[in-house]
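Residue numbers (the numbering used here), protein chains in the order written: chain W, 2 to 266; chain S, 2 to 266.
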């Protein structure tokens, strides 16, 4: 999938692009079923909320074949590669559960601030591209973005080790207030199969999910190969050290997987 | 203000009515300024979040003249009196701050479950009618309703003394899940001056406010005089014991107040 000039201009201006209807219900249902299976297992790559509900499954592309395909899917790899005009490697891969009732907050932060401080990533030539596995609604803890907040570089941040189980470099209230006065706050919502890509410096957060609806989103953090990380403070399955360029699979690879295993068809 | 037959039918079916543009910006700005003043004071009727931010100012109609007027405003009293076909008294009055960044969750509950269990209110002939002092948006912790959930009487509930500073009888996950399968979940949003009235048995909640935007709402809990409470477990300023019928003030009383004190004009 190639972005149009208009889409590139919108990304540059707003700091994100929302692309509905990128994956079919058949493709998404395969991934949703696999995610539910993964969250039933116990392994070191899976982190939990304080309630015990699953929060995040890291590196699922390394131990699950369907997510392995997704991690090399041309509809996710190509637009990011186009923007950076370079091949990409996988810096991080995660399935965020945002479980019904128990999914906790992600406080306001910039992803590149985390990659820079924790992992020594040289520049913001990396970004998240995400795919909704469930419908994202105003009521089930949607991602919130501050449009245009990617234009100011990396803000100072405090290392929040207490709010949730996941350590995060978070921004202060004054910074968020000023940014929101300029850019507002938006919460893109949409059907399963929607894709959301956002600049590594875009300020974002997500509130708890108090609804009975699941809100699973897969995040691929794709980094330009020349921009690979230089510090290895975090576990390899959180901040990968394999900088091999990703070779995209065929566009119908998820459907082929579904046919092969007769799952979720 | 009188409800139309269509509005009465909608209320009966859905369990709530959302009425935008009921109070002008001039009227609301008076109340907003008074609320901000109240939240700066220290008094027993004001409760706080764990962060120290204000959560709720109870009984503001008894110690603030503008809120005294609002507590007898015909645009709030008349539609509820019409539905119950009886005069009303004030069971509870509160300004909920839902402060920027710090406003905490209100878990899923039914108001009448609280009034019945705590205060011995005989029947659900009481309801909340609320007025937005700030814009309510998807991103600043809007009220969430489960439409049609008022049709099943009072559900079993557990007394939640831990989640926040305010004790609340809350419903279990299974009940919420089944109700939401039938009725969905809606989060009415709108400008300051909007009015929202909802049945005492309508199941509702609100998520934390992680945005930089305030989200103040005033709630009048109006009870049919013949349905007054019978137990006096809670402080008088939380569950009032003055069952005198409310005499509505003039429709322009808030504007008159603003003229008199030259505030917020």
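Note that CB positions come from ideal geometry on N, CA and C, so glycine has one too. Bear in mind the structure is a predicted one, so any value in this text is a computation, not a measurement.
- The C-alpha of residue 263 of chain W is placed about 51 Å away from the C-alpha of residue 7 of chain S.
- The continuous stretches of beta strand (DSSP E) do not include residue 167 of chain S, and DSSP gives it neither H nor E.
- Here the region 191–203 of chain W makes no contact with the region 56–71 of chain W; the two share fewer than three CB pairs at distances below 8 Å.
- Taking the Cα of residue 35 of chain S as reference, the smallest distance to any Cα among S:189, S:93, S:183 and S:69 is reached at S:69.
- Its chain contains 242 as the residues whose beta carbon lies nearer than 7 Å to that of residue 233 of chain S, once the 5 sequence neighbours on both sides are disregarded; these appear in chain order.
- Around the Cβ of residue 119 of chain W, a 10 Å sphere holds 16 or more other Cβ atoms; the residue is buried.
- Distance from residue 255 of chain W to residue 91 of chain W at the Cβ level is roughly 17 Å; contact not present, criterion being Cβ atoms closer than 8 Å.
- When the five nearest sequence neighbours on each side are left out, the beta carbons in the same chain lying within less than 6 Å of the beta carbon of residue 122 of chain S are those of 116 and 230, in order along the chain.
- Per DSSP, residue 159 of chain W lies in no alpha helix (DSSP H) segment; the continuous beta strand (DSSP E) that holds it begins and ends at 159–161.
- Any Cβ of chain W closer than 8 Å to the Cβ of residue 213 of chain S would place that residue at the interface, and such an atom is present.
- Looking only at W:213, W:206 and W:207, the smallest Cα-Cα distance to residue 206 of chain S is reached by W:213.
- Residue 95 of chain W is bridged by DSSP to W:59 and W:220.
- Residue environment analysis places residue 260 of chain W among the exposed positions, since fewer than 16 neighbouring C-beta atoms fall within 10 angstroms of its C-beta.
- Taking 8 Å as the upper bound on Cβ-Cβ separation, chain S lies near residues 101, 102, 106, 108 and 109 of the region 92–125 of chain W.
- Going by DSSP, residue 116 of chain S is part of the alpha helix (DSSP H) stretching over 112–120.
- A straight line joining the alpha-carbon of residue 132 of chain W with that of residue 65 of chain W spans about 17 Å.
- Residues are counted here when their Cβ sits less than 9 Å from a Cβ of chain W; for the region 200–228 of chain S these are 206, 207, 208, 209, 210, 211, 212, 213 and 214, given in chain order.
- The beta carbon of residue 218 of chain W is closer than 6 Å to those of 97, 131 and 133 in its chain, skipping five residues each way along the sequence.
- Taking a contact as a CB-CB distance under 8 Å, the pair residue 111 of chain S and residue 76 of chain S does not count as one, their CB atoms being some 25 Å apart.
- Residue state for residue 47 of chain W is assigned as strand, using DSSP reduced to three classes.
- Taken in chain order, the members of the region 162–188 of chain W whose beta-carbon sits within less than 7 Å of a beta-carbon on chain S are 174, 177, 178, 181, 186 and 188.
- At a Cβ-Cβ threshold of 8 Å, residue 102 of chain W and residue 211 of chain W count as neighbours.
- With respect to the 8 Å criterion, residue 104 of chain W and residue 53 of chain W are not classified as neighbours on the basis of their beta carbons.
- Comparing alpha-carbon positions, the option among W:84, W:174, W:109 and W:156 lying closest to residue 145 of chain W turns out to be W:109.
- Assigned with DSSP and collapsed to three states, residue 108 of chain S falls in strand.
- Only residues of its own chain outside the window of five on either side were considered, and among them 21, 22, 133 and 136 have a CB closer than 8 Å to the CB of residue 192 of chain S, listed in chain order.
- Residue pairing for residue 17 of chain W: DSSP places it in a beta bridge opposite W:199.
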